[in-house]
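In my numbering, the protein residues as written are 7 to 210.
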């Protein structure tokens with residue numbers, strides 16, 4: 007039975023490489039596996055009744071509500087031409103600064119990557135917009151492609167980042183659950199603000 011998860015992962019990867027949409031690929035293969043499990047007796051068909059409840063719960067998750075709004079913001083910036091205008095104007099603003107064009111690309115690309123949440127899409131978009139300009143300004147091909155690729159990845163760790171939103175939802179109450187499992191029921195989450203306050207007032 008250990009080979010079943012491996013087959014699932016291979017099917018997902020193969021479907022994505024063939025160009026199928028991510029949402030339909032993940033949902034379709036999951037339902038297909040569930041039906042196969044029902045046929046061979048490893049899956050309870052009554053569990054399908056929980057799907058609407060799970061969908062409703064996700065739609066009521068206040069943290070995850072930010073995800074479609076960030077994606078909408080990124081798509082709007084890209085399709086409306088605002089991102090290209092930002093790149094052009096910031097390039098003019100940093101014209102007198104050494105590597106000012108590179109700084110502009112990093113700032114605009116980071117904003118796009120953080121809002122869209124898709125590194126590949128950001129790299130392609132920024133490549134189409136900025137790569138010809140970089141090459142025209144005399145930057146080497148190696149430096150130009152490396153700058154665009156690094157910019158798309160950098161956006162994943164800088165807010166507003168969809169990856170951080172999803173990670174925050176997953177890890178939001180992990181500490182409390184871990185303490186409850188240890189039998190500690192009066193736990194208090196220690197935030198960065200608590201640490202800064204402790205550091206500020208430790209001499210008093």
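Beta carbons are placed, not taken as given, at the ideal position from N, Cα and C, and that holds for glycine.
No experiment lies behind these values; they were computed from the predicted model shown.
So, using beta-carbon positions, are residue 76 and residue 168 closer together than 8 angstroms? yes
Use the C-beta contact count for residue 148: other C-beta atoms within 10 angstroms, 16 or more gives buried, fewer gives exposed. exposed
Ordered along the chain, which non-local residues of its own chain (more than five positions away) have a Cβ less than 6 angstroms from that of residue 140? 150
Cα-Cα separation between residue 26 and residue 91, rounded to whole angstroms: 32 angstroms
Roughly how many angstroms lie between the CA atoms of residue 170 and residue 136, to the nearest whole one? 27 angstroms
Assign residue 173 to buried or exposed, taking buried as 16 or more other Cβ atoms, counted over all protein chains shown, within 10 Å of its Cβ. exposed
Let me know if residue 132 comes out buried or exposed under the rule of 16 or more other beta-carbons within 10 Å of its beta-carbon. buried
Beta-carbon proximity of residue 155 to residue 129, cut-off 8 angstroms: yes
Tell me the residue span of the alpha helix (DSSP H) that contains residue 56. 56 to 65
Ignore the nearest five residues each way along the sequence and tell me which others in residue 35's own chain have a CB closer than 8 angstroms to its CB. 14, 17, 18, 21
What is the DSSP secondary structure of residue 20, counted as helix, strand or coil? helix
For residue 29, which three-state DSSP category applies? helix
Buried or exposed for residue 158, going by 16 or more other Cβ atoms inside 10 Å? buried
Alpha carbon to alpha carbon, how far is residue 160 from residue 29? 25 angstroms
Three or more C-beta pairs closer than 8 angstroms, one from the region 80 to 91 and one from the region 59 to 72: is that the case here? no
beta-carbon residue 39 near the ligand MN non-hydrogen atom, thresh 7 angstroms: Although the ligand MN was asked about, the structure shown includes no ligands whatsoever.
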